[in-house]
Amino acid sequence: MGLFQKLVSFLGVGKKDVNVLVVGLNNSGKSTVVNNFKADDDKVTDIVPTVGFSVERFQKQNLGFTAFDMSGHGRYRDLWEYYYKDCQGIIFVIDSSDRLRLVVVKEELDLLLQHPDICQKKIPILFFANKMDCREALSSVKIAAALGLDKIMDKPWHISASNALTGEGLQEGVEWLTQQIRELLSVKV
Amino acid sequence: MSGFKRDHKEEEDGGGNPFQNIEKTTVLQEARIFNETSVNPRKCTPILTKLLYMLNQGEQLSAKEATDVFFAMTKLFQSKDVILRRLVYLGIKELSSIADDVIIVTSSLTKDMTGKEDLYRAAAIRALCSITDATMLQAIERYMKQAIVDRNPAVSSAALVSSLHMAKLAPEVVKRWVNEAQEAVNSENIMVQYHALGLLYHIRKSDRLAVSKLVTRSIQTLMYTNVSLQKSSYAVCMLIRIAAKLIEEEGADRKSSKSQSPYFQYIESCFRHKSEMVVYEAAYAVVNLNNSTSQEVAQAISVLQLLSASPKPALRFAAVRTLNQVAISHPAAVTACNLDLENLITDSNRSIATLAITTLLKTGAESSVDRLMKQIATFVSEISDEFKVVVVQAIRALALKFPRKHTVLMNFLSAMLRDDGGLEYKASIADTIITIIEDNPEAKETGLAHLCEFIEDCEHVSLAVRILHLLGKEGPKTKQPSRYIRFIYNRVILECPSIRAAAVSAMAQFGASCPDLLENIQVLLARCQMDSDDEVRDRATYYSSILNRQDKALYNNYVLNTLQVSMPALEKSLSEYINLNTAQPFDIKSVPVVAVSKSENDVKQKPEGMLISSGPTKISPSRDENFADKLNSLPDAQSLGPHFKSSEIVELTESETEYVVKCIKHCYAQHLVLQFDCLNTLNDQLLENVRVQLDVSEGFEIINEIPCPKLPYNETGTTYVIVKFPDGDILNSVGTFGAVLKFIVKDCDPATGLPDIDEGYDDEYMLEELEITLADQIQKVNKANWGAAWEEAESTFHEIEDTYSLSSMNTLEEAVVNIIKYLGLQPAERSDKVPKGKSTHTLLLAGIFRGGVDILVRAKLALADGVTMQLTVRSTDQSIAELITSAIG
Ligand SMILES: Nc1nc2c(ncn2[C@@H]2O[C@H](COP(=O)(O)OP(=O)(O)OP(=O)(O)O)[C@@H](O)[C@H]2O)c(=O)[nH]1
Ligand SMILES: [Mg+2]
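Protein sequences, first through last, are from chains Z and S.
The UniProt record's numbering applies: residue 1 is where the first sequence begins, and numbers increase by one.
The UniProt record's numbering applies: residue 1 is where the second sequence begins, and numbers increase by one.
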């Protein structure tokens, strides 16, 4: 990186591009979350289950996000790992009303944390306890406990309860993530 | 100085191509850059281009390599660069068949195909089509339907063409898009119309009624109402092709002449179309219809005649090329164009000139041959190999038509042989000379002399080997065999190992057939035993020791007529034998003999456009060795011994009936496996437990029946019956079996194909009788030297002779064709060709009866009020000789 660019990114004025990976079980609301982040012009009205993945872009606080919105369907979960290497942040979406599959969520999360491309990195993970509007939804505290998030020591993490349909809770979460990534970038330089 | 020259040359051919020296590992290495967080299109674009170039050059990637680079490439979806994205689509298409998990890009592609960027949409559809398998098709069905009726013609066309490709994977799903396709046919855009018509036809093509409705309706719209539709010449061309196919299919049941058919009238009406492309297509379609009368093609030929005078070279070319093709089937009609063709001889486009002359040669009289040949000679050096081949073919046809002209033609051919040219061209000349030699005994010596001269300086190894083989076969039968030896032996001194080996084999033929040359040959073979190459030494040693024995029978079996077994089968039998670990010697008779491949002039399939090919309902099982696997999986198959031969397909039903049943008879040493391929054409019936009940002739015994458990609409299922031939009673092994198709019917809903109720009812359907013929039990064998085998058989085989009068035969040719067909034996020494104007002929045949019994047959035919035949059968088994003599009559 040239001196000028160093300076720019240190001061936080230059526009940076970062890659984030959006994972979670199918039907948890990943695509809906990402859609909510997008500028109004780019938003789509009808969201269908993702097959494979889809690349979406959005801006948050002067940071250009490229989100790899992965499919959460069982058949495609093995393919997440192809995209682990080059991301600076992970958004993990959980359907907090789907109590039955919370164990599956834990399993997938553990696999992710143990993956060689992830376990060494101090990469921030943002959890959305999504679908908080549903009646049977668990609170974010309960979800954090069920997934054993307190055992994650080497990575910054954060959990927000959210409603991807209205956007409630999303802003808070993504602000945290932006902050984390910004810190990470300036340390790297 | 020379160094300078070489550099210069390298510069020249390396000139325009920056990718010339790229290497797989480097490119794959470079492609890792795709994984970087922010994509740099300026760097990625050339790398992706290199990758594509490399794949197009035929570079092979392993599944792992392909998958890695594929996933790296998927990350480029984050770039907004249009060029890079379009390269990614190409990359997806290239890698879709090699890499794993390619469906990962499905959502990305559906997003692009429905997105705002028009430059992405069509290409994304095509890429999507290449990664989608039958299970995923449902997921994208909605998008495909929308895209077919999209307002953007590029999108609509891409969707239609992709649907056509997907119809191969999941015909049922694509069938559901028929309404969208119908809507697209009415598009303003000519390409969309064309593609939509193609898809509609494809969806309906197995249903003749629906196709004829489609054509009739399209014809009406084209002719009377929608003027804009008339604009799509492409769609009209396709309609013409479909109509022509309908005419052919009607053919069988047609009572009146073709010209009564509305389709034929439609095609003829296209002769007046504005677009020349359509006019040509219509004429082409008409002249290529089967069994047309000269009246039916007359109008089309005059259209071609007009086109051949067009100022546009492409049209002139198309027209003469078509005239050239039909010159053989409709010589009289084409002769009418002679004047126009004469004008084209001097056409500045040499391809057109060549076609014009060769057409004239095909239709012309003997007297014009010399003049036309002179004309060709003036420019033959200027035309490309491909057209030289056309000239050669015309010469071949001429030589067969006018045998007396063989000297002129042969000289011409040998001059062509001396010119430069590629393998295909040279091979076609050599083939022609060989055909002329075989057809015309008078031309033999000159022909062989030309070939001898040719191999003195022949750069094509495969061709030299073939010619040496021919010299070995024909040389010994000439008046002065010794003169060929020098040419052959020269090859041993001068050429590469494979040619030397072929030369050794050729010399051995002379040694075995010409006793006075034997001593000299032995001297030459002795020299060859010192050769530097193993194969050459082995052959020389082998032949030399056989020739030393002075034993006619050995000569016959090991030099003149070589092993006829099928090589893959021999390999298999040998490896099984080795595993058996027995003290018994290997029995070569247990290896199936190879089926004699059909000669090339057998009916060639007419080339068809991609769309207008025969529908999926056609039952076309592949030949012998492919059967073997299928048959081996049958319960009893292992105990039947090696598979001996399979018959042609026999139809046991008329083609337009409720159930279509075809039979293939697979013969084993003591058994017959009858394979019945059944097609259910009723869409409201599901058949279960489908089987064929046979009423076998005396002595035959049914061993087992293997029913077909389920036969849904429009599918072909197979049921088998295993029958044992009469024990020890060969004379009764031909017969006629009654046959009835038995099954349980379940009525079902045509839309879903699911049965309404669980209970079905028994039903049956009468089939035509099934003949078990002699030919089913005889495998053709090519005897390279039939005469020698016959002579040897005189003392060792059983012989039976009988005389017949074949009163229903009117010509010798007819008799020859029928005898061959009836006995299923292979004609030897081209004795199936009856020379013109002869009243007697001798047909020489050879084959093997099931169980490995040799058969040789000589049929002396004389034409006198019908045909009389004296049949001599020699066989190692008396009763088989009896069977053959008794089967005729
Ligand atoms: N009630 C409620 N529904 C939601 C919420 N977020 C998403 N949904 C709904 O949940 C369903 C699934 O949402 P998607 O965004 O397609 O889920 P996904 O995680 O992308 O699913 P895959 O792509 O199959 O992995 C949709 O019907 C959404 O409308 C939420 O916060 N509350
Ligand atoms: Mg999704």
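Glycine included, each C-beta is placed from N, C-alpha and C at the ideal position.
Which of the three DSSP states, helix, strand or coil, is assigned to residue i?
i               : result
L563 of chain S : coil
Q779 of chain S : strand
Q61 of chain Z  : coil
F19 of chain S  : coil
L360 of chain S : helix
E65 of chain S  : helix
K106 of chain Z : helix
K606 of chain S : Bear in mind that the predicted position of K606 of chain S carries a pLDDT of just 38, short of 50, making it unreliable; the figure below should be weighed with that in mind. Residue state, collapsed to three classes: coil.
A235 of chain S : helix
V185 of chain S : helix
K151 of chain Z : helix
S622 of chain S : A caution first: S622 of chain S carries a pLDDT of 39, below 50, which makes its placement in the model too unreliable to give a value.
T66 of chain Z  : strand
R691 of chain S : strand
L177 of chain Z : helix
C514 of chain S : coil
E56 of chain Z  : strand
V23 of chain Z  : strand
L806 of chain S : strand
F737 of chain S : strand
N714 of chain S : coil
V721 of chain S : strand
Which first and last residues belong to the beta strand (DSSP E) in which residue i is found?
i               : result
S160 of chain Z : 157 to 161
A846 of chain S : 840 to 849
C708 of chain S : 708 to 711
H666 of chain S : 659 to 668
H643 of chain S : 643 to 646
E771 of chain S : 770 to 772
F92 of chain Z  : 89 to 95
E794 of chain S : Looking at the DSSP string, E794 of chain S is not in any beta strand (DSSP E); the run it does join, the alpha helix (DSSP H), is 786 to 796.
Report whether the distance from the Cβ of residue i to the nearest heavy atom of ligand 1 is below 6 Å.
i               : result
N36 of chain Z  : no
D78 of chain Z  : no
G72 of chain Z  : yes
L165 of chain Z : yes
K131 of chain Z : yes
T50 of chain Z  : yes
N56 of chain S  : no
S28 of chain Z  : yes
I103 of chain S : no
I90 of chain Z  : no
I47 of chain Z  : yes
Can you name the start and end residues of the alpha helix (DSSP H) that residue i belongs to?
i               : result
V320 of chain S : 313 to 326
Y761 of chain S : Element bounds for Y761 of chain S: not the alpha helix (DSSP H) but the beta strand (DSSP E), 761 to 766.
M166 of chain S : 153 to 166
V279 of chain S : 276 to 287
For ligand 2, is there a heavy atom less than 6 Å away from the beta-carbon of residue i?
i               : result
K43 of chain S  : no
S31 of chain Z  : yes
T114 of chain S : no
Could you check how far apart the C-beta atoms of residue i and residue j are, in whole angstroms? I think they sit under 8 Å.
i                      : j               : result
I485 of chain S        : A503 of chain S : With 8 Å as the limit, I485 of chain S and A503 of chain S do not qualify as a contact, their Cβ atoms being about 10 Å apart.
H202 of chain S        : A167 of chain S : 6 Å
A815 of chain S        : V867 of chain S : 4 Å
residue 898 of chain S : S206 of chain S : Nothing about residue 898 of chain S can be reported from this structure: the residues present for chain S run from 1 to 889 only.
D322 of chain S        : V287 of chain S : Position check: residue 322 of chain S holds Thr in this sequence, whereas Asp was assumed. Yes, T322 of chain S and V287 of chain S are in contact; Cβ-Cβ is about 6 Å, under 8 Å.
L823 of chain S        : A775 of chain S : 6 Å
F379 of chain S        : I395 of chain S : Not really, about 15 Å apart at Cβ, beyond 8 Å.
G364 of chain S        : L372 of chain S : 7 Å
F743 of chain S        : V690 of chain S : 4 Å
S31 of chain Z         : D78 of chain Z  : With a Cβ gap of about 19 Å, S31 of chain Z and D78 of chain Z do not count as contacting.
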